[in-house]
Amino acid sequence: AQSVTQLDSQVPVFEEAPVELRCNYSSSVSVYLFWYVQYPNQGLQLLLKYLSGSTLVKGINGFEAEFNKSQTSFHLRKPSVHISDTAEYFCAVIQGDFNKFYFGSGTKLNVKP
Amino acid sequence: SQTIHQWPATLVQPVGSPLSLECTVEGTSNPNLYWYRQAAGRGLQLLFYSVGIGQISSEVPQNLSASRPQDRQFILSSKKLLLSDSGFYLCAWRNQGARGYGYTFGSGTRLTVV
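Those sequence lines, one after another, are chains A and B.
Counting in this note's numbering, the first sequence runs from 49 upward without gaps.
Counting in this note's numbering, the second sequence runs from 128 upward without gaps.
This is how it looks when you write it as structure tokens:
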């Protein structure tokens, strides 16, 4: 079965600094990759997704992620964060069975003024 | 446009009491429906999914159950809650024909079992 690893449970960063949230998964065979954001006490909102084509995908709120098949990674990046980016971010993978998302354990991004 | 509704938003229930959480989807037909649980400090765990009325697949054995009495209604239930059932419950849907596309999540229900 697929597994998704988000090594950083918390990432503190100052406002306007760049940030990278790491995501690694176990198998690259026919995978679709996603990043979701969750604000406190809310559901998850799709940030971006990789289905095929260009390995660099751009999402909402200035985020982007790069699919690296050889390293089985899908790291999320933003060149300059805002206070409003403070939230929890989840990486997710679909492989084969489209009824089963495999989620990472989440990374809490804390943007400080 | 499609929307997904979950209620209640928050719930405090005593141990041993029953549970019923409801999720409905509007603006689409024959969606795939999902229940996830997010426990404190942990990621999201798929509990149940349904590809049609009366069709339920269980991913994790526990004292919870799910039902889909109507096309766009998904219910999560328990006869007797445990302390370990506390968590944030999320309903989600996906178009069956949209292979590779992500879920759309509801706003969640915060359940605290006391």
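We put the beta carbon where it would ideally sit given N, CA and C, even for glycine.
Going by alpha carbons, who is nearest to A/Val52 out of A/Asn72, A/Glu64, A/Glu68? A/Asn72
Between the CA atoms of B/Ser147 and B/Pro135 - distance to the nearest angstrom: 9 Å
Contacting residues, own chain, Cβ-Cβ under 8 Å from B/Asn222 (five flanking each side not counted): Same-chain partners within the cutoff: Thr155, Pro158, Asn159, Tyr228.
For A/Phe115, count neighbouring C-beta atoms within 10 Å of its own C-beta (all shown protein chains included) and say buried if the count is 16 or more, exposed if not. buried
Cβ of A/Tyr84 within 9 Å of any chain B Cβ: yes
On the three-pair Cβ rule with 8 Å, is the segment 135–148 of chain A touching the segment 198–211 of chain B? With a cut-off of 8 Å, the segment 198–211 of chain B and the segment 135–148 of chain A do not count as touching, because too few Cβ pairs lie within range.
Beta carbon of A/Glu63, beta carbon of A/His130: below 9 Å? yes
Run down chain B in chain order and give the residues with a C-beta less than 7 Å from the C-beta of A/Asn109. The premise fails here: A/Asn109 is roughly 16 Å from chain B at the closest Cβ pair, so nothing lies under 7 Å.
Considering only residues of the same chain and omitting the five flanking positions on each side of B/Gln165, which have a CB-CB separation below 7 Å? The beta carbon of B/Gln165 lies closer than 7 Å to those of Leu171, Gly214, Phe215, Leu217 in the same chain, with the five residues before and after it left out.
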